[in-house]
Amino acid sequence: MSPDKPHLTRAHVLELLRQMVRIRQFEARCAELYTREKIRGFLHLYDGQEAVAVGVIPVLGPDDRIVATYREHGHALARGLPMGEVMAEMFGKANGSSGGRGGSMHIFDAVHNFYGGNAIVGGGLPLAAGLALADRLRGEANVTACFFGEGAMAEGEFHEAMNLAALWRLPVLFVCENNGYAMGSALERTEAETDLTRKAESYGMRARRIDGMDVVAVEAAARGAVAAIREIGAPVFLEARTYRFRAHSMFDAQLYRDKREVEEWRAKGPILRFRGWLLETGLIHEDDVTRLEAEVEAEIDAAVAFAEAGAWEPVETLARHVMAQDRPDPPALAAPSGRSVTMTYREAVKQAIRDALIRDERVFLMGEDVGSYGGCYAVTKGLMAEFGEERIRDTPLSEAGFTGAGIGAAVAGMRPIVEVMTVNFSLLALDQILNTAATLRHMSGGQFGCPVVIRMATGAGRQLAAQHSHSLEGWFAHIPGLRVLAPATLEDARGMLWTALEDPDPVLIFENVMLYNREGQIDEAAGPVDIDRAAIRRAGRDVSLITYGGSLWKVLEAAEALAGDGIEAEVIDLRSLRPLDEATIAESVGRTRRAVVVDEGWRSGSLAAEIMARIAERCFWSLDAPLARVCAEEVPIPYPKHLEEAAIPQVAGIVAAVRGVMGR
Numbered sequence: 000m001s002p003d004k005p006h007l008t009r010a011h012v013l014e015l016l017r018q019m020v021r022i023r024q025f026e027a028r029c030a031e032l033y034t035r036e037k038i039r040g041f042l043h044l045y046d047g048q049e050a051v052a053v054g055v056i057p058v059l060g061p062d063d064r065i066v067a068t069y070r071e072h073g074h075a076l077a078r079g080l081p082m083g084e085v086m087a088e089m090f091g092k093a094n095g096s097s098g099g100r101g102g103s104m105h106i107f108d109a110v111h112n113f114y115g116g117n118a119i120v121g122g123g124l125p126l127a128a129g130l131a132l133a134d135r136l137r138g139e140a141n142v143t144a145c146f147f148g149e150g151a152m153a154e155g156e157f158h159e160a161m162n163l164a165a166l167w168r169l170p171v172l173f174v175c176e177n178n179g180y181a182m183g184s185a186l187e188r189t190e191a192e193t194d195l196t197r198k199a200e201s202y203g204m205r206a207r208r209i210d211g212m213d214v215v216a217v218e219a220a221a222r223g224a225v226a227a228i229r230e231i232g233a234p235v236f237l238e239a240r241t242y243r244f245r246a247h248s249m250f251d252a253q254l255y256r257d258k259r260e261v262e263e264w265r266a267k268g269p270i271l272r273f274r275g276w277l278l279e280t281g282l283i284h285e286d287d288v289t290r291l292e293a294e295v296e297a298e299i300d301a302a303v304a305f306a307e308a309g310a311w312e313p314v315e316t317l318a319r320h321v322m323a324q325d326r327p328d329p330p331a332l333a334a335p336s337g338r339s340v341t342m343t344y345r346e347a348v349k350q351a352i353r354d355a356l357i358r359d360e361r362v363f364l365m366g367e368d369v370g371s372y373g374g375c376y377a378v379t380k381g382l383m384a385e386f387g388e389e390r391i392r393d394t395p396l397s398e399a400g401f402t403g404a405g406i407g408a409a410v411a412g413m414r415p416i417v418e419v420m421t422v423n424f425s426l427l428a429l430d431q432i433l434n435t436a437a438t439l440r441h442m443s444g445g446q447f448g449c450p451v452v453i454r455m456a457t458g459a460g461r462q463l464a465a466q467h468s469h470s471l472e473g474w475f476a477h478i479p480g481l482r483v484l485a486p487a488t489l490e491d492a493r494g495m496l497w498t499a500l501e502d503p504d505p506v507l508i509f510e511n512v513m514l515y516n517r518e519g520q521i522d523e524a525a526g527p528v529d530i531d532r533a534a535i536r537r538a539g540r541d542v543s544l545i546t547y548g549g550s551l552w553k554v555l556e557a558a559e560a561l562a563g564d565g566i567e568a569e570v571i572d573l574r575s576l577r578p579l580d581e582a583t584i585a586e587s588v589g590r591t592r593r594a595v596v597v598d599e600g601w602r603s604g605s606l607a608a609e610i611m612a613r614i615a616e617r618c619f620w621s622l623d624a625p626l627a628r629v630c631a632e633e634v635p636i637p638y639p640k641h642l643e644e645a646a647i648p649q650v651a652g653i654v655a656a657v658r659g660v661m662g663r
């Protein structure tokens with residue numbers, strides 16, 4: 000028998016029917032429990048779309064991966080997740096599949112390779128591309144199935160992920176569950192081109208439209224698609240035309256569609272249609288249906304009892320699973336060789352990347368123009384020739400797509416280094432960084448980590464005007480689940496990447512553009528460095544000057560100038576912006592009794608403000624003067640040199656601020 004033909008034995012058709020009935024009756028019970036306030040938040044029911052999950056997911060192997068959407072209860076049950084754990088997750092209980100931290104929209108299960116629902120429309124598509132990229136790089140013959148609604152096809156992340164998957168021939172099965180409505184807007188109101196299959200075909204991939212209300216047709220198409228992906232190693236797109244019988248969510252009054260339309264679709268629903276055909280052909284009998292439904296009801300009753308009996312997560316463990324609980328020991332610091340070499344900051348970063356590629360076969364670099372061009376700031380020049388196009392991967396200009404793919408590859412066990420050309424461009428990838436990388440461990444109850452390293456250039460000084468010159472690292476330092484680093488020295492430029500790649504959580508490294516040409520001496524044996532603690536770069540007794548990144552060298556220059564006036568400033572290089580090393584800051588300020596924070600970010604809502612608040616909380620009674628800060632002016636960074644310099648902290652302003660707190 001052809002692998003794309005379902006074998007319709009009595010046992011098989013009963014299993015197909017049973018799985019659809021399980022999903023339908025489970026969700027009916029969930030709707031009831033929602034009205035009783037046992038389930039809260041958003042509840043998006045899969046009612047009417049059961050044939051898609053049941054037709055596709057059992058075709059996949061246990062090592063294949065699944066990325067779902069926020070309407071994922073049917074996918075989870077079809078994948079074999081224990082119903083009790085799924086129900087407990089809906090309740091928010093600690094015995095839920097995600098430990099109660101994800102809820103209805105974020106059901107995860109590492110054992111079943113179920114990578115969860117995603118509440119951001121289209122947000123799971125780049126993740127799926129990244130999971131498939133990891134398999135491709137390792138030569139593993141797995142398939143990643145990614146489910147999404149037709150509304151996602153208007154999102155940029157859809158197009159970016161499709162392009163990457165087709166360009167790199169990634170083994171992804173894209174399954175669009177076209178139920179006709181993106182929340183409350185009909186397809187005709189939201190898409191200029193309503194033939195969705197044509198969109199997929201435009202990326203040069205195999206694409207097919209199927210009847211999503213016919214479970215046999217879905218299974219046949221899925222078998223053919225999965226077989227093709229395993230054979231050719233390229234993506235396939237299936238558009239399943241289906242319909243949701245219930246509202247978009249339980250909050251939805253459904254004022255956007257006619258009741259007659261719903262009833263017309265219900266009359267050709269997947270369960271009614273399949274059951275009727277089976278009874279008509281004699282493959283099953285009424286007593287089979289009765290017995291099956293009773294067994295499902297008993298399973299649901301047991302699932303509800305399991306959820307009711309579950310405990311709530313204790314408040315005392317609120318912060319668990321924000322970052323990895325079991326952290327590896329930091330890499331051993333290299334013993335100094337006593338021999339120094341001269342290099343630039345740029346070369347130090349390049350050598351760090353090169354060392355990582357040699358040291359660990361899981362490491363690869365991806366980003367815009369990192370390969371043949373050599374990087375926008377020439378950091379990666381020559382690496383593609385040395386390591387090849389598989390490990391030095393030029394990406395399309397699609398920050399959300401390739402950043403999300405890097406995140407997915409990290410979740411699958413690789414150690415990607417993602418380069419975003421400039422910090423301003425990172426805003427295009429903010430969804431993937433904030434909503435996926437930073438939250439995945441927490442929402443999955445610790446089942447999935449995301450050891451990705453994302454590098455980006457930051458700062459002003461090169462007359463690149465507002466869209467290439469801002470210092471936004473303080474924004475990212477606001478986000479739980481991320482580690483944020485700002486190397487200022489050659490040793491940190493080379494060593495922080497080493498340590499970051501050993502970290503089990505996402506690490507963002509901000510490289511100030513004004514440092515790339517800075518030259519200095521570095522020990523030949525320089526290796527990994529500590530990324531947990533700040534460094535005192537200059538000892539002093541009168542005032543603590545606290546800064547990071549490119550401003551460090553201005554602050555050190557200011558400290559030398561102040562020394563001529565008899566003011567001995569202690570200079571603290573934060574190095575890590577999240578987490579902040581409060582102990583080093585507090586110890587220094589406790590001795591000097593004065594502090595000035597220098598930050599290239601804007602004053603309003605700045606990282607400097609956060610540091611000052613923490614100093615006030617810990618050191619208020621030790622202070623002999625008000626805290627002060629030197630920040631960027633409240634303007635977009637201008638183009639003219641004199642205005643650019645006036646907009647960001649300079650030595651004279653730092654000196655003046657210190658004299659102010661010293662009363663001179």
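According to numbering that gives the first Met the number 0, the sequence shown is numbered sequentially starting from 0.
Positions of the beta carbon are idealized from the N, C-alpha and C atoms, including for glycine.
Of the residues the options, which one's Cα is nearest the Cα of residue i?
| i | options | result |
| --- | --- | --- |
| ALA465 | PHE147, GLU156, THR193, TRP601 | TRP601 |
| ARG100 | THR402, ALA224, THR435, GLU312 | GLU312 |
| ASP531 | ALA109, THR498, VAL542 | THR498 |
| PRO170 | ALA233, LYS198, VAL120 | ALA233 |
| ALA331 | ALA524, ASP134, ASN516 | ALA524 |
| MET365 | ILE357, THR379, ARG358, TRP474 | THR379 |
| VAL58 | GLN48, GLU616, HIS6 | HIS6 |
| LYS349 | ASN516, ASP134, LEU136 | ASN516 |
| ILE38 | LYS92, GLU490, GLY47 | LYS92 |
| SER124 | HIS247, ARG461, ILE406, ALA492 | Contrary to the premise, residue 124 reads as Leu rather than Ser in this sequence. The candidate whose alpha carbon is nearest that of LEU124 is ILE406. |
| GLY539 | LEU496, ARG222, ILE566, GLU292 | ILE566 |
| ASP210 | GLN48, GLY337, VAL314 | GLN48 |
| MET322 | SER605, GLY480, ARG590 | GLY480 |
| ILE614 | LYS640, ILE584, CYS630 | ILE584 |
| GLU159 | PRO395, GLY604, ALA351, PRO503 | PRO395 |
| ILE270 | GLY281, GLU292, ASP286 | GLU292 |
Indicate the three-state DSSP secondary structure (helix, strand or coil) for residue i in the structure shown.
| i | result |
| --- | --- |
| ILE636 | coil |
| GLY337 | coil |
| VAL650 | helix |
| ASN162 | helix |
| SER739 | The chain is shown only over 0 to 663; residue 739 falls outside these bounds and no answer can be derived. |
| ILE521 | strand |
| ARG540 | coil |
| ALA133 | helix |
| SER371 | coil |
| ARG17 | helix |
Compute the beta-carbon to beta-carbon distance between residue i and residue j, rounded to the nearest angstrom, for a pair I have assumed lies under 8 angstroms.
| i | j | result |
| --- | --- | --- |
| GLY458 | GLY548 | 7 angstroms |
| ALA377 | MET420 | Going by Cβ atoms, the distance from ALA377 to MET420 rounds to 12 angstroms, so no, they are not a contact pair. |
| GLY121 | ALA151 | 4 angstroms |
| GLN431 | ALA399 | 6 angstroms |
| ARG205 | ALA220 | Actually they are not in contact, since the Cβ atoms of ARG205 and ALA220 sit about 11 angstroms apart, beyond 8 angstroms. |
Tell me the rounded alpha-carbon separation between residue i and residue j.
| i | j | result |
| --- | --- | --- |
| LEU427 | HIS320 | 26 angstroms |
| TRP264 | ARG240 | 12 angstroms |
| ALA646 | VAL597 | 13 angstroms |
| MET0 | ARG290 | Here the model assigns MET0 a pLDDT of 42, short of 50, so the residue's position is not dependable, and the following value carries that caveat. Each residue's Cα considered, the two are about 31 angstroms apart. |
| ALA52 | TYR45 | 10 angstroms |
| LEU579 | ALA27 | 48 angstroms |
| ARG17 | PRO415 | 42 angstroms |
| ILE535 | GLY95 | 46 angstroms |
| LEU573 | THR546 | 6 angstroms |
| GLU230 | GLY54 | 20 angstroms |
| VAL288 | ASP134 | 41 angstroms |
| GLU84 | LEU32 | 16 angstroms |
| VAL303 | ALA87 | 8 angstroms |
| ALA131 | CYS630 | 43 angstroms |
| GLU451 | ASP328 | A small correction: the amino acid at residue 451 is Val; Glu does not occupy that position in the sequence shown. Each residue's alpha carbon lies about 18 angstroms from the other. |
| ALA144 | ALA165 | 15 angstroms |
Taking only beta-carbon positions, decide if residue i is within less than 8 angstroms of chain C.
| i | result |
| --- | --- |
| VAL314 | Considering every chain present, this structure includes no chain C. It has just one protein chain. |
Original post:
Counting only runs that start and end within the stretch 34 to 79, where is the beta strand (DSSP E) found for 3 or more residues in a row?
Top reply: The stretch 34 to 79 contains these whole beta strand (DSSP E) runs: 64 to 66.
**OP:** Could I get the ranges of all uninterrupted beta strand (DSSP E) runs contained in the stretch 381 to 443, with 3 residues as the minimum, in chain order?
**Re:** 391 to 393, 414 to 419, all fully within the stretch 381 to 443.
**OP:** Write down every uninterrupted run of the alpha helix (DSSP H) in the stretch 553 to 624 whose length is 4 residues or greater and which is fully enclosed by it, in chain order.
**Re:** Runs of the alpha helix (DSSP H) lying entirely within the stretch 553 to 624 and spanning at least 4 residues, in chain order: 581 to 591, 606 to 618.
Original post:
Which residue spans inside the stretch 298 to 360 form an unbroken alpha helix (DSSP H) run of at least 4?
Top reply: Listed in chain order, they are 344 to 358.
**OP:** Jot down the residue ranges of each uninterrupted beta strand (DSSP E) in the stretch 458 to 518, minimum 3 residues, whole runs only, in chain order.
**Re:** 482 to 484, 506 to 511, all fully within the stretch 458 to 518.
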